[in-house]
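Here the protein sequences line up with chains A and B, keeping their order. Each step along the first sequence adds one to the number in our numbering, with nothing skipped, and position 70 is 70. Count along the second sequence starting at 1, add 112, and that's the number in our numbering. Here's the structure, in structure tokens; my notes come after.
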Amino acid sequence: DTGVSQNPRHKITKRGQNVTFRCDPISEHNRLYWYRQTLGQGPEFLTYFQNEAQLEKSRLLSDRFSAERPKGSFSTLEIQRTEQGDSAMYLCASSLAGSPLHFGNGTRLTVT
Amino acid sequence: DQQVKQNSPSLSVQEGRISILNCDYTNSMFDYFLWYKKYPAEGPTFLISISSIKDKNEDGRFTVFLNKSAKHLSLHIVPSQPGDSAVYFCAKAAGNKLTFGGGTRVLVKP
């Protein structure tokens, strides 16, 4: 169990650019989640995959956001045309059914 | 729509004493609650959970209490240790996702 791995750890980008983050879950976990956390707040749910199927998306996930999990293993989260309000910590988590979520250390995005 | 609320943003406690963290929720449909702990520059880590069929769950120094009539849960840490200094989040499980409170920062003073 090497834990949930997220890359990059930090990303600084200019407004209007596209960014992509990667998450490698714990290998035997079939469930994968993306959350976003801003300063002073708790993590907010963005989206959830079971295997390769994206089963739930938050209304927080605007059309500029897209997440994929093509083979049911790693996942990517892409933000197009970034805005300053997208600056946040993006957290990935994985789990088995009925077990607690295991979070990665996140990708901190700064949009200048 | 704050379904999970932690009203105390911070808590300072002396080493060896009890830390009590509180959490209120607004919808009784949700029947499984969790506490997570977060150190700076790390993701949240699972600490302890409780189902609504129980009113107490204990794991070592950590005990979670659930008061369903008051829609309130609390986390007790006793005795508190300097390594417990972190941000603590309560969360409720609803379907396939967790809804988190805003967190309470705990500082344990030696």
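Just so it is clear, CB atoms sit at the ideal spot from N, CA and C, and this is done for glycine as well.
Residue-chain proximity (Pro156 (chain B), chain A), Cβ-Cβ < 9 Å: Taking the first residue of the second sequence as position 1, residue 156 (chain B) is located at position 44. Yes, Pro156 (chain B) lies at the interface with chain A (some Cβ there is under 9 Å from its Cβ).
Restricting to Cα atoms, I'd like to know which of B:Ser164, B:Thr157 and B:Val220 is closest to Ser94 (chain A). Counting from 1 along the first sequence, the entry for residue 94 (chain A) is found at position 94. The option with the nearest alpha carbon to Ser94 (chain A) is B:Thr157.
As assigned by DSSP and simplified to three states, the class of Asp136 (chain B): Within the second sequence, numbered from 1, the residue matching residue 136 (chain B) stands at position 24. Note: Asp136 (chain B) maps to strand in three-state DSSP.
In terms of residues, what are the limits of the beta strand (DSSP E) holding Arg217 (chain B)? If you number the second sequence from 1, residue 217 (chain B) lands on position 105. That run of the beta strand (DSSP E) goes Thr216 to Lys221.
Inspect the beta-carbon positions of Ile130 (chain B) and Val190 (chain B) and report whether they are closer than 9 Å. Here residue 130 (chain B) refers to the residue found at position 18 of the second sequence. Here residue 190 (chain B) refers to the residue found at position 78 of the second sequence. In this structure, Ile130 (chain B) lies near Val190 (chain B), with their beta-carbon atoms less than 9 Å apart.
Close Cβ partners of Ala205 (chain B) (< 6 Å) along its chain, the five nearest in sequence each way excluded: Position 93 of the second sequence, counted from the start, is the residue given in the question as residue 205 (chain B). So the qualifying residues of the chain are Tyr144.
Output the distance between the C-alpha atoms of Pro222 (chain B) and Ser124 (chain B), rounded to the nearest integer angstrom. The count along the second sequence starts at 1 and reaches residue 222 (chain B) at position 110. The count along the second sequence starts at 1 and reaches residue 124 (chain B) at position 12. So the two alpha carbons sit approximately 11 Å from each other.
Kindly list the residues whose CB is nearer than 7 Å to the CB of Ser163 (chain B), restricted to its own chain and excluding five residues on each side of it in sequence; keep chain order. By one-based count along the second sequence, residue 163 (chain B) stands at place 51. These residues qualify, in order along the chain: Asp143 and Tyr144.
Output the distance between the C-alpha atoms of Ser27 (chain A) and Cys92 (chain A), rounded to the nearest integer angstrom. Start at 1 with the first residue of the first sequence, and residue 27 (chain A) comes out as number 27. Start at 1 with the first residue of the first sequence, and residue 92 (chain A) comes out as number 92. Their backbone Cα atoms lie some 14 Å apart in a straight line.
Does the segment 1 to 13 of chain A come close enough to the segment 33 to 46 of chain A to have 3 or more Cβ pairs within less than 8 Å? Not touching, per the Cβ criterion.
CB contact check: Glu28 (chain A) to chain B, cutoff 9 Å: Within the first sequence, the letter at position 28 stands for residue 28 (chain A). Interface flag for Glu28 (chain A) against chain B is unset, since no Cβ pair is found closer than 9 Å.
Per DSSP, which one or two residues make a beta bridge with Phe21 (chain A)? Locating residue 21 (chain A) in the first sequence gives position 21, where the first residue counts as 1. Its beta-bridge partners are A:Leu77.
So which residues on chain B does Gln41 (chain A) lean against when the C-beta distance must stay under 7 Å? The sequence position of residue 41 (chain A) within the first sequence is 41, counting from 1. Ordered by position in chain B, the residues that pass the 7 Å Cβ test against Gln41 (chain A) are Gly214.
Contact the segment 74 to 93 of chain A vs the segment 56 to 65 of chain A: 3+ CB pairs below 8 Å: With a cut-off of 8 Å, the segment 56 to 65 of chain A and the segment 74 to 93 of chain A count as touching, because enough Cβ pairs lie within range.
For Glu68 (chain A), decide whether its Cβ has a neighbour in chain B, counting only Cβ atoms nearer than 9 Å. Walking along the first sequence from the start, residue 68 (chain A) turns up at place 68. With 9 Å as the cut-off, Glu68 (chain A) does not count as an interface residue toward chain B.
Measuring straight from C-alpha to C-alpha, what distance separates Val19 (chain A) and Lys149 (chain B)? What you label residue 19 (chain A) is simply residue 19 of the first sequence in a count that begins at 1. What you label residue 149 (chain B) is simply residue 37 of the second sequence in a count that begins at 1. Put simply, the backbone Cα of Val19 (chain A) is about 28 Å away from that of Lys149 (chain B).
Where Gln193 (chain B) falls, given that 16 or more other Cβ within 10 Å makes a residue buried: For this step, residue 193 (chain B) is matched to residue 81 along the second sequence. Counting of Cβ neighbours within 10 angstroms places Gln193 (chain B) among the exposed residues, the total staying below 16.
Compare the C-beta of Gly172 (chain B) with all C-beta atoms of chain A and state if any pair is closer than 9 Å. In the second sequence, residue 172 (chain B) corresponds to position 60, counting from 1. For Gly172 (chain B), the closest Cβ of chain A is not nearer than 9 Å.
Run through DSSP, which three-state label would Asp171 (chain B) get? Along the second sequence, one-based indexing puts residue 171 (chain B) at 59. Strand.
Use the C-beta contact count for His102 (chain A): other C-beta atoms within 10 angstroms, 16 or more gives buried, fewer gives exposed. Working through the first sequence from its first residue, we reach residue 102 (chain A) at position 102. By the 16-neighbour rule on beta-carbons within 10 angstroms, His102 (chain A) is buried.
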